[in-house]
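Trainee: In order, the protein sequence lines correspond to chains L and U. Residues in the first sequence are numbered from 1 upward in steps of one, following this note's numbering. Residues in the second sequence are numbered from 1001 upward in steps of one, following this note's numbering. Positions of the beta carbon are idealized from the N, C-alpha and C atoms, including for glycine. Every value quoted in this text rests on a predicted model; they were computed, and no experiment measured them.
There are 2 protein chains.
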Amino acid sequence: MMQGEIIATGTELITGQVADCNTHYAARRLFEAGLEVARFTTVGDKGPLIREVLEQAMSRSQFIIITGGLGPTEDDVTLPAAALALDRRLVVHDGLLDRIKRCLGARQIPWEERYAGLALIPEGAQLLDPGGMACGFAVKHEEVRLYFLPGVPQEMRSLFDGFVLPNLVAWAQPEEYWVRRTLRLFGISEGQLQGVICRRPEFQQGVTVGYYPHFPETHLSLTLRGKDRAVLNASLDRLTAALGAEVGEALLGPEEATLEELVGRLLRTGGLTVAVAESCTGGLIGDRLTNVPGSSDYFLGGVVSYSNEAKHDLLKVPPEVLAQKGAVSPETAGDMARGVREVFHADIGLAVTGIAGPSGGSPAKPVGTVYIGLADTEGEDVWHYQFYGNRTEIKTLTAQTALDRLRRKLKT
Amino acid sequence: MMQGEIIATGTELITGQVADCNTHYAARRLFEAGLEVARFTTVGDKGPLIREVLEQAMSRSQFIIITGGLGPTEDDVTLPAAALALDRRLVVHDGLLDRIKRCLGARQIPWEERYAGLALIPEGAQLLDPGGMACGFAVKHEEVRLYFLPGVPQEMRSLFDGFVLPNLVAWAQPEEYWVRRTLRLFGISEGQLQGVICRRPEFQQGVTVGYYPHFPETHLSLTLRGKDRAVLNASLDRLTAALGAEVGEALLGPEEATLEELVGRLLRTGGLTVAVAESCTGGLIGDRLTNVPGSSDYFLGGVVSYSNEAKHDLLKVPPEVLAQKGAVSPETAGDMARGVREVFHADIGLAVTGIAGPSGGSPAKPVGTVYIGLADTEGEDVWHYQFYGNRTEIKTLTAQTALDRLRRKLKT
């Protein structure tokens, strides 16, 4: 079995200043393509250590992805370290040299001999040139393939997807694939989900199940291995359907769509419009709905009614309701939903009112008390929730639950 | 110089399914404490490989942090691999055994002998018990200190901060510290910033400068090394002041405060209230303002006017302005700001209107055209911007720029 590893270099990584996202990206893409990675290594910008790590990797792996340290500053030491590990001279790449000269010319900077250092690559290496951005290079050394890529994520991804992955797949020709599907669930705990998975016979053999909290959702991954992608995908479809039969509406969908995308599709299909009245979420529901391109077709707008005056002036919540029941009450949530529906002439009004904390709670209405209201032609529904968490967590849970209530309503 | 490394284990990491945040967390905390980390390694849940990596690390490092693979399922193989690498037996820890028995009893699960396997730790190791959560363990093996921690980030961080870091610092007693300060800037490009840094003599020696794009802000890190934290912090203060003298208001502040926190402080200090009228941002400005605890003291609310009707009905933008100048125009932005200020009886009205895309642009008003309006007792200011990016990037830039305009206004 062919096996590879990923090496990231950078003092900013090893000192914890910057989180490395290149390694995770490459690992995910390689896994999907059926290529096995055994090890990640990260070291700072130290030539001798990079050389040692490269030599170790070359002694045990068939392919190696190396990111970072290819830039023009004195921190960038990957290139000379690679030359030593590969026991190759650094030579000027004429095409790269020409481009550097053109760039200098365009900026009217006079040529100096030291700029030639920017055009060096190990002898016999292939330049990986994405055009106009930082270059990488590939080397076949004995039976090992090495790919050196820039550390800037955008540049790294461009070269990885455009060259490294196709090149590796063409060479390795993996006979078996892993396919993985991530299902998104909301409104079911990880424990409940595990109970379901243990109960259904489909999940007992040949499938690897992973649970990943992805606040406020739970994501469940199903991984299968085999020779035929179509067969594997059909199996995933059956597993998805089996799960849906158990958990019902808690399964947000078999695809990668976000909750606001799902809500948007349902509104569009139904030819319906929505307006939102937000108190404790401060605008987060509207923000999420409008992250979807084309949302202006069904989202008319909203009122953020942080003050009681706004709840009365803009949403027509009667003063006596606010005085007697309080701003955080089922009555106010229902009135806010009806009010915003009328003010915006929308088919549906969605409203939230609650206490995000950390202050503002009371024994009767502790922090995390939330009411969600939904008004349509048939009247108003109101739901009561008690959430736990810090301020932004309660805001997030409230927005997510309100959008999920709307999704479930639209599906009935 | 004492030196350490960090090892992460988990098949979900090596296959790119989950991004490892434990390593980055530990590296950052160790760096701040003056402890040097030379290498990160990640491997899957494979016993022999974990053993090999542990043995290599023990041969060259003085301290090793290992995360993951300590749970009760068959995937969790770190413990037996550690026993082999350390050449120690696994023994039952009585305190841990008692706790497992109590937990089973509370759930009325009858005892079976196999549960004793959950109470094993290497002979001579110290149990790291955060109380009620997953445990880790620490081992001093010859001159090497090893810390095995659970992979769940919350549990890992609790044990790392509560035990590992104090334990390591007390042992290593680092004589020199690194201090690092991250400055947050907005409204200046990385290129402009580099020009400033190259020009000022303070930044030419003894300080390591790092540039980190942190969309939509640019973060600049200044790192110094020395024996006396107070002296180092005074140097950082001088460097911060020197930068501020060059870039002025583009420096958001010397502390870690977010833009919405800075705006909140200025509003609170001035005894002022604000209301927002949002079009293309959909509620994002209100969401950001209300992420700050206590924001209800100065944030009265807002209107999300995605439709022209809402701009007219709720914000009193005259129909002839909308018809003749358009919803995305300086006139509408000014009228929205004035309207929302009046509707909410606020001291300041802040408004945005623009085209977030991907559709809706025209040659005269391309995608990314944004107008920001600010109304106060003295009248209205309106600014025109042309942003570039995808839909959420344009939303983010618009909200950030509007909050920054408010911040700059409040500082004058």
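Within 10 angstroms of the Cβ of L:F215, are there 16 or more other Cβ atoms? Answer buried if so, exposed if not.
Mentor: By the neighbour-count rule (16 or more Cβ atoms within 10 Å), L:F215 is not buried but exposed.
Trainee: My output table needs one value for L:I66: the three-state DSSP class, helix, strand or coil.
Mentor: Strand at L:I66.
Trainee: Give a yes or no on whether the minimum CB-CB distance between L:V317 and chain U is below 8 Å.
Mentor: Answer no: the Cβ-Cβ gap between L:V317 and chain U never drops below 8 Å.
Trainee: Pull out every residue of the stretch 1385–1404 of chain U whose Cβ sits closer than 8 Å to any Cβ of chain L, in chain order.
Mentor: Answer in chain order: R1391, T1392, K1395.
Trainee: Considering only residues of the same chain and omitting the five flanking positions on each side of L:L54, which have a CB-CB separation below 6 Å?
Mentor: Excluding positions up to five away in sequence, the list reads A85.
Trainee: Measuring alpha carbon to alpha carbon, tell me which of U:F1344, U:R1199, U:A1106 ends up nearest U:V1247.
Mentor: Residue U:R1199 is the option with its Cα nearest to U:V1247.
Trainee: Taking contact to mean 3 or more Cβ pairs, one atom from each stretch, closer than 8 Å, check whether the stretch 274–287 of chain L and the stretch 1341–1359 of chain U are in contact.
Mentor: The stretch 274–287 of chain L, when compared against the stretch 1341–1359 of chain U, does not touch it at the 8 Å Cβ threshold.
Trainee: Below 8 Å on C-beta distance, what does U:Y1147 contact in chain L?
Mentor: The contacting residues do not exist; U:Y1147 stays about 16 Å from chain L at best.
Trainee: Taking C-beta to C-beta, are U:Y1147 and U:A1134 nearer than 8 Å?
Mentor: In this structure, U:A1134 does not lie closer than 8 Å to U:Y1147 by Cβ.
Trainee: If you count every other CB in all the chains shown that lies within 10 Å of the CB of U:A1310, and 16 or more means buried, which is it?
Mentor: Answer is buried; the Cβ neighbour count reaches 16.
Trainee: Please report the residue range of the beta strand (DSSP E) in which L:S61 lies.
Mentor: That residue, L:S61, is in no beta strand (DSSP E); it is neither H nor E in DSSP.
Trainee: Quick one: is L:V367 buried, meaning 16 or more other Cβ sit within 10 Å of its Cβ, or exposed?
Mentor: When all chains shown are included, L:V367 counts as buried.
Trainee: How would you label U:P1150, buried or exposed, when you count the other beta carbons within 10 angstroms and need 16 or more for buried?
Mentor: U:P1150 is buried by the Cβ-count criterion.
Trainee: For L:A233, which residues in chain U fall below 9 Å Cβ to Cβ?
Mentor: Residue 233 of chain L is actually Asn in this sequence, not Ala. Per Cβ cutoff of 9 Å: no residues; L:N233 is ~18 Å from chain U at best.
Trainee: So with CB distances below 8 Å, who are the chain C contacts of U:N1291?
Mentor: Among the protein chains of the structure shown, namely L and U, there is no chain C.
Trainee: So, does the stretch 1010–1029 of chain U touch the stretch 303–322 of chain L, judging by three or more C-beta pairs under 8 Å?
Mentor: Counting Cβ pairs under 8 Å, fewer than three are found: no touch.
Trainee: Give the DSSP bridge partners of L:R181, in chain order.
Mentor: The partner list for L:R181 (beta bridge, DSSP) reads L:L222.
Trainee: At the 8 Å Cβ level, is U:G1301 part of the contact set with chain L, yes or no?
Mentor: Cβ-Cβ to chain L under 8 Å: yes for U:G1301.
Trainee: Closest to U:Q1154 by CA distance: which of U:V1328, U:Y1025, U:L1284 is it?
Mentor: It is U:Y1025.
Trainee: Provide the residue(s) that pair with L:R408 in DSSP beta bridges, ordered along the chain.
Mentor: Answer is none; L:R408 lacks a bridge partner.
Trainee: So which residues on chain U does L:E12 lean against when the C-beta distance must stay under 7 Å?
Mentor: Here the neighbours are G1210.
Trainee: What are the boundary residues of the alpha helix (DSSP H) that U:W1171 is part of?
Mentor: From DSSP, the alpha helix (DSSP H) with U:W1171 extends over 1165–1172.
Trainee: Taking Cβ-Cβ distances below 9 Å as the criterion, which residues of the stretch 1313–1339 of chain U are in contact with chain L?
Mentor: Going along the stretch 1313–1339 of chain U in chain order, one finds D1313, L1314 with a Cβ nearer than 9 Å to chain L.
Trainee: At 9 Å on the CB atoms, spell out the chain U contacts of L:F160, in chain order.
Mentor: The contacting residues do not exist; L:F160 stays about 12 Å from chain U at best.
Trainee: Check whether the stretch 37–51 of chain L and the stretch 93–100 of chain L touch, using three or more Cβ-Cβ pairs below 8 Å as the test.
Mentor: These segments do not touch.
Trainee: Run through the stretch 13–51 of chain L for me and flag every whole beta strand (DSSP E) of 3 or more residues, listed as ranges in chain order.
Mentor: Listed in chain order, the complete beta strand (DSSP E) runs (minimum 3 residues) inside the stretch 13–51 of chain L are 36–43.
Trainee: How would you call L:I109, buried or exposed, if buried means at least 16 neighbouring beta carbons within 10 angstroms?
Mentor: Label assigned to L:I109: exposed.
Trainee: Check whether the stretch 1035–1042 of chain U and the stretch 1109–1122 of chain U touch, using three or more Cβ-Cβ pairs below 8 Å as the test.
Mentor: Not touching, per the Cβ criterion.
Trainee: For a cutoff of 8 Å on Cβ pairs, would you count U:F1344 as touching chain L?
Mentor: Yes, because at least one Cβ of chain L sits closer than 8 Å to the Cβ of U:F1344.
Trainee: Report yes or no: is there a C-beta of chain L within less than 8 Å of the C-beta of U:Y1306?
Mentor: Chain L contact via Cβ: present.
Trainee: Looking at chain L, is there any beta carbon in it that lies within less than 8 Å of the beta carbon of U:E1278?
Mentor: At least one chain L Cβ lies under 8 Å of U:E1278.
Trainee: Which residue comes first and which comes last in the beta strand (DSSP E) that contains L:P318?
Mentor: From DSSP, L:P318 is part of no beta strand (DSSP E); its letter is neither H nor E.
Trainee: What residues from chain U crowd round L:T15, counting only those whose CB sits closer than 7 Å?
Mentor: The answer, in chain order, is A1027, F1031.
Trainee: Would you call the stretch 261–272 of chain L in contact with the stretch 1260–1273 of chain U, where contact means no fewer than 3 C-beta pairs closer than 8 Å?
Mentor: Counting Cβ pairs under 8 Å, fewer than three are found: no touch.
Trainee: Could you name the residues of chain L that U:E1309 contacts, counting a contact when the two beta carbons are closer than 9 Å?
Mentor: In chain order: L300, G301, F344, H345.
Trainee: Which one or two residues does DSSP pair with L:F137 in a beta bridge?
Mentor: BP columns for L:F137 point to L:L127, L:F148.
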